[in-house]
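Chemist: Please find one structure pasted underneath; my questions will follow.
2 protein chains.
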Amino acid sequence: MDDTGYEISPWQLRWRGLDLEALHATESTFALSNGHIGIRGTFEEGEPRGLPGTYLNGFYEQRPLPYAEAGYGYPEDGQTVVNVTDGSIIRLLVEDEPMDMRYGSAPAHERVLDFRSGTLRRTTEWTSPTGRRVRIHSERLVSFTSRAVAAIHYEVEPLDGDIELVLQSDLLANEHIPARTDDPRVAAALDTPLVSDFAAAHDFRAVLAHHTRASGLRMAAGMDHEVDYPANGRCSIETEEDLARLTVAVDIPQGERLKVTKYLAYGWSARRSTPALRGQVEGALAGALETGWDTLLKRQREYLDAFWETADVEIDGDAELQQAVRFALFHVLQAGARGESRAIPAKGLTGPGYDGHAFWDTESFVLPLLTYTVPDSARDALRWRHSTLDKAKNRAVQLGQAGAVFPWRSINGEECSGYWPAGTAAFHVGADVAAATSRYLAATGDEEFEAECGVELLVETARLWTSLGHHNAQGEFRIDGVTGPDEYTAVADNNVFTNLMAQKNLHDAAAACERRPGLARELGVDDEEAALWRDAAEHMRIPFDDALGVHQQSDAFTHHAEWDFEGTPPEHYPLLLHYPYFDLYRKQVVKQADLVLAMYLRGDAFTDEQKIANFAYYEALTVRDSSLSACVQSVMAAEVGQLQLAYDYLAEAALTDLHDLHANVENGLHIASLAGTWMACVAGFGGMRDHGGNISFAPRIPPQLVNLSFRMTVRGSQIHVDVRAKTATYRLLSGEPVQLAHHGSPFTLDSFPVTRPIPELPIATPVRQPYGRAPVRRG
Amino acid sequence: MDDTGYEISPWQLRWRGLDLEALHATESTFALSNGHIGIRGTFEEGEPRGLPGTYLNGFYEQRPLPYAEAGYGYPEDGQTVVNVTDGSIIRLLVEDEPMDMRYGSAPAHERVLDFRSGTLRRTTEWTSPTGRRVRIHSERLVSFTSRAVAAIHYEVEPLDGDIELVLQSDLLANEHIPARTDDPRVAAALDTPLVSDFAAAHDFRAVLAHHTRASGLRMAAGMDHEVDYPANGRCSIETEEDLARLTVAVDIPQGERLKVTKYLAYGWSARRSTPALRGQVEGALAGALETGWDTLLKRQREYLDAFWETADVEIDGDAELQQAVRFALFHVLQAGARGESRAIPAKGLTGPGYDGHAFWDTESFVLPLLTYTVPDSARDALRWRHSTLDKAKNRAVQLGQAGAVFPWRSINGEECSGYWPAGTAAFHVGADVAAATSRYLAATGDEEFEAECGVELLVETARLWTSLGHHNAQGEFRIDGVTGPDEYTAVADNNVFTNLMAQKNLHDAAAACERRPGLARELGVDDEEAALWRDAAEHMRIPFDDALGVHQQSDAFTHHAEWDFEGTPPEHYPLLLHYPYFDLYRKQVVKQADLVLAMYLRGDAFTDEQKIANFAYYEALTVRDSSLSACVQSVMAAEVGQLQLAYDYLAEAALTDLHDLHANVENGLHIASLAGTWMACVAGFGGMRDHGGNISFAPRIPPQLVNLSFRMTVRGSQIHVDVRAKTATYRLLSGEPVQLAHHGSPFTLDSFPVTRPIPELPIATPVRQPYGRAPVRRG
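Now the structure itself:
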């Protein structure tokens with residue numbers, strides 16, 4: 002069983018053998034989700050296990066946030082995603098011996114996550130401690146097409162003659178989870194978060210309803226089964242408050258199989274009653290049984306076929322990267338596909354990391370991908386933000402500001418950050434929401450969304466900036482005392498990223514009000530307010546160090562001492578776990594792309610020379626202690642002509658979870674980094690930019706790759722971009738002709754493919770990374 | 002009983018009548034302490050009561066500090082002063098009716114704190130609900146001369162015929178205290194902090210020994226009595242774990258009195274055993290009995306006579322201010338007199354505020370007074386700092402710095418701050434310790450202290466600065482990302498106060514090593530290190546705004562938006578309770594003198610013109626949400642010729658506690674503000690400065706005052722300075738001649754008084770305060 006690890010394959014993630022140490026991590030990578038329900042890749046038999054988890058988007062428990070010294074405006078309560086009633090458990094007794102791979106032996110064992118079928122398959126041959134042999138095959142899905150439904154098809158086949166089997170299919174609530182934190186209060190809040198409201202079972206069906214102890218959210222989980230077994234079998238079902246169990250006791254003759262299909266349904270709500278949720282769940286089960294396993298499978302594949310048709314990225318020349326990119330696309334789809342009116346958390350629904358909170362990652366890293374591949378999901382994610390606007394406006398009032406202050410981290414829209422310098426002070430989240438809104442509107446022309454949500458999002462976020470900033474005596478518009486993306490500098494004046502994103506936000510809000518004067522009036526925007534926005538945008542302070550010829554990430558940044566990189570041993574990364582914030586904040590050390598992200602998202606605000614100089618300067622300071630960095634550095638490395646570096650960073654972003662580069666994939670996948678993999682391909686080597694809603698490309702691939710191609714949807718038209726060493730070919734796959742540009746030259750793409758040469762790469766001067774922090778060189 | 006309030010009297014604080022609402026506050030103002038033991042001014046009968054408290058310097062309970070989001074280097078445990086075994090209780094039953102002023106009536110009731118006798122006297126005539134009348138007289142002291150001892154003399158006199166009395170004299174541990182905080186964990190930790198180790202009683206004596214549950218400190222409290230009562234009386238004593246009680250039941254004939262003298266003794270230690278502490282306490286009681294009440298009283302008065310001889314400040318023309326100044330001097334003496342190897346907390350031993358922690362207040366506000374009046378107490382306070390040097394060096398290592406990092410707040414020397422931007426980042430505390438060390442050395446010439454502690458304190462604090470700061474490309478020495486005294490701006494670059502105090506620290510350390518080369522070698526200081534210190538000091542960055550012609554409190558300060566003072570209603574002060582830190586930090590609003598304090602303590606680093614311009618600029622931004630501000634503003638207002646304003650601020654500082662200006666005197670007195678009252682008199686109207694150890698004066702009094710005079714001790718010589726409208730007279734009271742200066746002209750003061758004219762006051766341009774924040778105009 003030593004030969005474990007992921008196998009490289011273009012459309013699958015396969016792991017052979019049992020590695021107990023890797024269980025936590027593979028439960029994350031093998032997690033299934035549709036954005037609504039998420040189930041980690043645990044074994045059906047329950048044990049061995051890493052960190053079992055079933056998550057429902059938006060279903061959380063509340064807990065008090067403690068402070069050694071409290072302060073005005075600190076959030077009093079936090080929210081934590083709840084591991085809800087687990088329906089994935091199908092225990093098996095083989096001749097009275099519990100099937101558990103830690104005992105006996107498993108001569109064959111593999112799991113396969115299939116990106117096209119959208120299922121997790123598992124095949125295990127197990128020899129029990131007493132020597133009996135069975136083969137187990139399971140396949141499970143969380144349905145993209147029936148969002149309340151998951152299903153598991155489970156088969157057991159005797160390999161050495163007739164065999165006596167007992168199968169127990171469970172719904173298990175308040176499953177004990179090994180503690181993940183030293184904080185006793187967190188553990189207490191999460192230990193048994195669910196209070197039973199209702200339990201019932203008959204025939205093959207059971208439903209358990211619970212509510213959360215403190216937050217008072219209600220949920221119901223149901224299971225139903227199709228069992229295919231010989232006539233000698235006996236089947237029963239029973240429930241307790243926290244357990245429902247179908248038991249099948251049966252003798253299976255050699256050559257036959259025990260087959261069980263387990264259908265699961267979940268319903269939850271802050272408002273609907275337990276009977277209503279029970280009804281919803283039983284309805285979903287009835288629908289799923291009617292649909293049947295084969296049709297669920299078929300629809301799952303059709304859904305994914307359509308996805309790959311519009312979203313696939315093909316890489317020729319690096320098979321591991323090809324797999325990693327599809328893995329990334331698949332998981333981002335899983336995180337965002339059916340979130341609908343709810344957030345897309347930083348970990349999707351793959352683990353409890355970050356308490357299940359959503360951050361600015363969603364708008365800045367995940368939505369670009371969804372906007373150009375599954376635009377309806379991008380719209381739904383923005384609708385979630387819009388649905389929290391009242392909370393954000395209340396928060397602004399509490400903080401003495403106008404407009405809306407979106408939370409740094411949240412499940413329900415209320416601020417849950419317990420450390421304001423890296424939370425509340427990161428006001429850029431509002432501009433990030435606005436930028437995602439503008440991007441979505443430009444990419445889709447969705448006027449209905451613009452009218453219902455878009456303009457209001459732009460206006461309320463713009464209002465924050467004129468309230469937060471002020472003009473100095475020289476007439477510059479300053480935004481003081483805020484935190485940009487780089488969490489190793491906090492509460493600084495005039496963070497370039499924040500100021501440039503605010504500038505765009507202000508411009509876009511003014512333009513939207515010009516386009517939609519009626520809506521603007523309804524929102525109370527008059528010409529004077531729009532003029533204030535334009536003026537603030539025009540005079541936005543962007544600090545620049547003339548002596549060094551580079552932008553300052555924020556005022557005075559370049560005057561600070563440089564971090565002692567040579568004196569920092571590798572085991573002291575991430576720095577925040579080994580050095581105090583005060584020292585990180587006051588030195589030149591960058592956790593994650595900040596100015597470099599500004600150069601990507603607001604590339605129109607920099608000259609080429611500035612990009613080259615800034616990239617080199619900040620590259621030497623950036624330690625990538627965040628998974629949000631490598632993908633951005635890849636994009637800008639490609640733009641400034643550092644193709645090898647771009648390739649290295651693309652691989653780092655793509656392999657963040659598969660290689661567990663941050664040593665915490667057990668708590669869930671890094672959805673933003675996975676989305677950033679797409680960004681590094683499309684915006685990096687593809688050179689795609691969408692400044693002002695205009696789509697342009699400046700493609701260029703590293704010599705290791707033969708070919709990189711990707712698909713995008715722009716205003717309903719699907720395009721295909723195929724990049725080779727010397728040329729790029731653009732094809733319109735469907736829809737109306739689109740205006741594009743190639744390395745600065747505009748063209749109209751219609752039914753004729755357009756092939757253009759790729760300009761010679763200028764010689765780039767080498768850049769350096771902080772001591773010991775260079776990315777792994779690839780290829 | 003309506004006619005309550007403090008009565009004005011030069012040597013006493015008297016309060017007539019019972020005002021239940023004012024009980025908490027008067028328990029603080031009437032507190033007695035010798036710096037070792039503190040007892041709040043509660044009634045002997047126990048109730049009514051505000052916040053009873055008996056505190057032992059350095060005796061604390063430990064509690065975990067919680068964080069919503071923890072960070073590297075955050076202190077894990079806090080310390081909280083403990084209300085220990087209460088020995089002040091003497092309950093009385095009058096004909097079976099408990100004496101309690103809330104019942105029956107008290108036609109006469111007064112308390113007097115006497116600054117010359119050092120006692121709290123109380124006289125109450127009480128009519129019980131059944132109509133019986135008694136007069137109670139008590140007097141108590143916490144001995145300055147026997148530091149482990151307190152005593153209460155208690156008399157009851159029947160006023161309407163023979164009466165049956167029962168007197169119960171208690172030692173009471175784990176007294177229930179009404180909760181002061183919403184945080185359930187704090188309340189839990191403090192609810193019953195003491196665990197009983199031992200209890201014994203015989204005759205008139207009892208001892209209770211306890212230890213603290215978490216911190217494990219041990220203590221013993223003992224009482225003994227002299228009881229003078231008729232032969233018919235019965236007396237008994239008994240103990241439980243948390244209670245010892247002497248009971249006296251007696252019939253007192255009209256014309257006679259029941260007289261009880263209760264002697265109290267306390268011993269506590271982290272190292273000594275319970276039997277040893279018991280022995281210490283019983284020994285102290287035996288000594289006190291042998292000394293007797295009258296002699297204790299006499300020694301108390303002699304100690305205070307000597308204090309007033311060297312420390313008195315006389316004010317002619319403002320009787321309330323005269324009283325307040327003596328009240329201030331008395332309480333600062335009580336806080337610092339016998340602290341010896343322990344800290345002087347921000348509240349002294351008068352209440353549980355700030356958890357009983359000591360801050361930079363001690364060195365910067367309290368020690369100037371003690372240095373020039375009770376220099377041995379100043380030395381002992383610095384010895385306490387020195388005794389914590391190992392902890393401060395460990396903290397520096399933890400924070401990645403050289404030298405010593407003294408805590409922002411602590412009881413035992415370990416950092417207890419749970420909010421680093423206003424705690425750990427306030428590195429100036431090291432320079433404050435160094436400045437107090439230098440001042441003490443210059444004022445006393447104490448070579449023994451210099452050798453044992455002084456040089457090491459200067460060296461280890463200096464080492465921090467060269468590690469914390471760095472040179473920029475222009476050769477300036479920068480100290481980035483620190484917090485100065487003003488807690489409404491935090492984590493800023495090049496705080497002028499910090500940089501100037503660091504500059505002095507570096508210079509003084511280099512000079513000390515030059516004076517004491519042997520010691521320097523022992524401390525590992527070589528010439529190169531001293532050269533680094535001198536270089537850093539010489540090139541220290543001091544930000545200045547050329548356009549405005551004023552110093553910047555820290556880099557960029559003058560570019561920030563001004564706080565909206567007009568839009569801030571009076572009930573929104575203190576701002577920190579009504580506005581978020583992020584908004585306070587990024588705006589021009591000053592909680593407390595910062596640059597203005599720098600102009601006082603480092604007045605040698607500013608020109609007169611700069612002082613005038615800076616004072617006006619920062620005066621308009623300073624809201625005085627801290628009690629550490631008015632006294633400093635008074636000093637600098639006097640220097641820049643704003644005598645009325647200086648007078649207003651002096652009164653504000655002096656009356657902070659008597660008028661309860663910060664509405665929190667119930668938690669204890671503001672010892673630093675009380676010490677600042679002396680500062681405002683001596684350094685303000687007296688114009689005393691000690692730059693470089695040279696004592697100079699520039700006296701000038703406001704027209705409301707006829708005369709201000711004060712006494713100081715300089716290198717063992719006592720001087721008297723008498724300031725009138727047109728002249729100042731200097732007298733040497735004892736000791737060697739001293740070098741002084743009067744308004745810039747040096748002179749030698751020997752046995753002949755020197756009278757000098759006071760230069761005409763230049764016309765000062767008016768300054769303004771923030772809207773609604775002008776001080777009360779006085780006189």
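Heads up: the protein sequence lines correspond to chains A and B, in order.
Position one of the first sequence corresponds to residue 2 (my numbering), numbered consecutively onward.
Position one of the second sequence corresponds to residue 2 (my numbering), numbered consecutively onward.
Glycine residues also receive a C-beta, built at the ideal position from the N, C-alpha and C atoms.
The structure displayed is predicted, hence computed values, not measured ones.
Measure the alpha-carbon distance for B/Y264 versus B/E291 and round it to whole angstroms.
Modeler: Approximately 11 Å between the Cα atoms of the pair.
Chemist: Note down the Cα distance separating B/S170 from B/S468, rounded to an integer number of angstroms.
Modeler: Approximately 57 Å, taken between the alpha carbons.
Chemist: Quick one: residues in its chain with C-beta nearer than 6 Å to the C-beta of A/R779, no 5 flanking neighbours on either side, listed in chain order?
Modeler: Within the same chain, A/R779 has close Cβ partners Y648, D649 and A652.
Chemist: Which of the residues in the stretch 425–437 of chain A, read from start to end, lie with their CB under 8 Å from any CB of chain B?
Modeler: Cβ contacts with chain B come from T425 and A426.
Chemist: Do the CB positions of B/T730 and B/T756 come within less than 7 Å of each other?
Modeler: A contact, by the Cβ cut-off of 7 Å.
Chemist: Is the beta carbon of B/N500 closer than 7 Å to that of B/I480?
Modeler: Yes, they are a contact pair.
Chemist: Would you say B/A513 touches the ligand FMN, meaning its beta carbon is less than 6 Å from a heavy atom?
Modeler: Absence of the ligand FMN from the depicted structure is noted, as is the absence of any ligand whatsoever, leaving it without description.
Chemist: How about A/A638 and A/A654: do their beta carbons lie closer than 7 Å?
Modeler: Contact flag unset, no.
Chemist: I'd like to know whether the C-beta of B/E70 is nearer than 7 Å to at least one C-beta of chain A.
Modeler: Yes, contact with chain A.
Chemist: Sorted by chain position, which residues of the same chain lie with C-beta nearer than 8 Å to B/N58's C-beta, five sequence neighbours on each side aside?
Modeler: Around B/N58: G36, H37, I38, G39, G340, R343, A344, P346 and L350.
Chemist: Who are the neighbours of A/L578 on chain B, taking C-beta pairs under 8 Å?
Modeler: Residues of chain B passing the Cβ test: Y73.
Chemist: According to the Cβ coordinates, are A/T445 and A/L459 closer than 7 Å?
Modeler: For A/T445 and A/L459, no; Cβs fall outside 7 Å.
Chemist: Between which two residues does the beta strand (DSSP E) harbouring A/R757 extend?
Modeler: Run containing A/R757: V755 to P758, per the beta strand (DSSP E) assignment.
Chemist: Rounding to the nearest angstrom, what Cα-Cα distance links A/Y772 and A/P570 in this structure?
Modeler: Answer to the nearest angstrom: the Cα atoms are 9 Å apart.
Chemist: Which runs of the beta strand (DSSP E) at least 3 residues long sit entirely within the stretch 44–95 of chain A? Give them in chain order.
Modeler: The qualifying runs are 55–57, 61–65, 78–82 and 91–95.
Chemist: Excluding the 5 residues flanking A/L656 on each side, which residues of the same chain have their C-beta closer than 7 Å to its C-beta?
Modeler: Here the set comprises A325 and L662.
Chemist: Which residues does DSSP list as the beta-bridge partners of B/S106?
Modeler: According to DSSP, B/S106 bridges with B/T128.
Chemist: Can at least three beta-carbon pairs, one atom from the stretch 150–161 of chain B and one from the stretch 130–137 of chain B, be found at a separation below 8 Å?
Modeler: Yes, the stretch 150–161 of chain B touches the stretch 130–137 of chain B.
Chemist: I need the DSSP call for A/P159, collapsed to helix, strand or coil.
Modeler: Note: A/P159 maps to strand in three-state DSSP.
Chemist: Skipping 5 residues on each side, what residues in its chain have a beta carbon closer than 6 Å to that of A/R774?
Modeler: Excluding positions up to five away in sequence, the list reads V624.
Chemist: Could you pull the start and end residues of the beta strand (DSSP E) that A/S197 belongs to?
Modeler: Element bounds for A/S197: L195 to H203.
Chemist: Comparing the C-beta of A/N473 with each C-beta of chain B, is any distance below 7 Å?
Modeler: A/N473 counts as touching chain B.
Chemist: So with Cβ pairs under 7 Å, would you call A/V261 a contact of chain B?
Modeler: No, A/V261 does not count as interfacial toward chain B.
Chemist: Distance cutoff 7 Å, beta carbons only. Does A/P518 sit that close to anything in chain B?
Modeler: So no, A/P518 is outside the interface.
Chemist: Checking contacts by CB at 7 Å: is A/G354 closer than that to chain B?
Modeler: Cβ-Cβ to chain B under 7 Å: no for A/G354.
Chemist: Indicate whether B/I91 and B/Y7 have their beta-carbon atoms separated by less than 7 Å.
Modeler: No, they are not a contact pair.
Chemist: By a C-beta neighbour count over all protein chains shown, 10 Å radius and 16 as the cutoff for buried, is A/T389 buried or exposed?
Modeler: It is buried - the Cβ of A/T389 has at least 16 other Cβ atoms within 10 Å.
Chemist: Can you find a CB in chain B that lies within less than 7 Å of the CB of A/D78?
Modeler: Answer no: the Cβ-Cβ gap between A/D78 and chain B never drops below 7 Å.
Chemist: Using a Cβ-Cβ cut-off of 7 Å, state whether A/V187 counts as contacting chain B.
Modeler: With a pLDDT of 47 at A/V187, under the threshold of 50, the predicted position of this residue should be treated as unreliable, and no value is reported.
Chemist: For A/F783 and A/P276, what's the separation of their Cα atoms in angstroms?
Modeler: Summary: the structure shown does not reach residue 783 of chain A, with chain A confined to residues 2 through 780, and so no result is reported for it.
Chemist: DSSP beta-bridge partners for A/A277?
Modeler: Answer is none; A/A277 lacks a bridge partner.
Chemist: Taking only beta-carbon positions, decide if A/G687 is within less than 7 Å of chain B.
Modeler: No, A/G687 does not count as interfacial toward chain B.
Chemist: Using a cut-off of 8 Å between C-beta atoms, extract the partners of B/R396 located in chain A.
Modeler: By Cβ distance, chain A contributes nothing, its closest Cβ being about 10 Å from B/R396, past 8 Å.
Chemist: Determine whether the Cβ of A/D626 lies closer than 7 Å to any Cβ atom of chain B.
Modeler: Output row for A/D626: interface = no.
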